[in-house]
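Asks: My structure is below; once you've seen it, I'll send some questions.
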Amino acid sequence: MGLKILIMGPQGVGKGTQAARLAEHFKVQAISTGDIFRYNIKHNTTLGKKVQEIISSGNLVSDELTGELVRDALSLNNAAEEGFILDGYPRNKNQVVDLDATLDELGLTLDAVVVLTADRDTLLERMILRAENEGRADDTPEAIAKRLDIYDSETAPLMNEYRARGLLVAVEGTGEVSDITARIVAELEKL
Ligand code: AMP
Numbered sequence: 464m465g466l467k468i469l470i471m472g473p474q475g476v477g478k479g480t481q482a483a484r485l486a487e488h489f490k491v492q493a494i495s496t497g498d499i500f501r502y503n504i505k506h507n508t509t510l511g512k513k514v515q516e517i518i519s520s521g522n523l524v525s526d527e528l529t530g531e532l533v534r535d536a537l538s539l540n541n542a543a544e545e546g547f548i549l550d551g552y553p554r555n556k557n558q559v560v561d562l563d564a565t566l567d568e569l570g571l572t573l574d575a576v577v578v579l580t581a582d583r584d585t586l587l588e589r590m591i592l593r594a595e596n597e598g599r600a601d602d603t604p605e606a607i608a609k610r611l612d613i614y615d616s617e618t619a620p621l622m623n624e625y626r627a628r629g630l631l632v633a634v635e636g637t638g639e640v641s642d643i644t645a646r647i648v649a650e651l652e653k654l
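In the working numbering, the protein residues as written are 464 to 654.
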């Protein structure tokens, strides 16, 4: 079975970039809830229409909808056998409970939870740049602030849970993209 990890970190820390690079390195799938939502919005699907406004305001989509999406992604794409990097999920306590149930059901256990860290000023700077370059609908100043607040209050506390389970791998998310990848790979190879 391939590597099975979560990657967590505040918006703008480079989670998506690192998830893609790690997926390539370890030959596993990167599953990003944010990307799945954005794809559905772009193609104007039923799901996309449902989540569009929530996402552009910087709020979280319901746990139920997101949980179903993750369960489908993990059970359909052979992710179990091939391994996976789940990016952007779970984001609150309830989602941890849902993910535990899904993994249990599929007979899977996580190998590690990677957390990327950076200070708020660095994050804001990167998100402003990204807004200019990519024009993401949820990269308005209000939505950015909202997402960082939700991360601090709901998502960051999950680190304690995964630390208690002995799964946490915290890596500084600033510096060269390739150096950050190397740091994460080195930590994961120690496992
Ligand atoms: P991201 O690309 O991970 O920053 O996700 C973009 C947006 O998609 C978030 O701001 C949320 O509105 C939504 N989203 C992504 N993952 C989740 C999740 N696990 N739970 C709820 N909403 C999510």
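Here a beta-carbon is modelled for each residue, glycine too, at the ideal position from N, C-alpha and C.
So, with DSSP's three-state summary, where would you put D601?
Replies: Coil.
Asks: Out of V476, K467, G465, which one is the CA nearest neighbour of R610?
Replies: Residue V476 is the option with its Cα nearest to R610.
Asks: Put K653 into one of helix, strand or coil per three-state DSSP.
Replies: Reduced to three states, the DSSP call for K653 is coil.
Asks: Sort out for me which residues DSSP pairs Q492 with in a bridge.
Replies: According to DSSP, which records beta bridges pairwise, Q492 is partnered with F547.
Asks: Let me know the alpha helix (DSSP H) ranges lying completely inside the region 582–644, each 4 residues or longer, listed in chain order.
Replies: 583–597, 604–613, 621–627, all fully within the region 582–644.
Asks: For ligand 1, I want to know if Q474 counts as a neighbour, meaning its beta carbon is within less than 6 Å of at least one of the ligand's heavy atoms.
Replies: Result yes, Cβ under 6 Å from ligand 1.
Asks: Counting only the same chain and skipping the five closest in sequence on each side, list residues whose C-beta sits under 7 Å from that of R554.
Replies: Cβ neighbours of R554 beyond the five flanking positions: L523, E617, T618.
Asks: Could you tell me which residues DSSP pairs with I470 in its beta bridges?
Replies: I470 is bridged to D550, V577.
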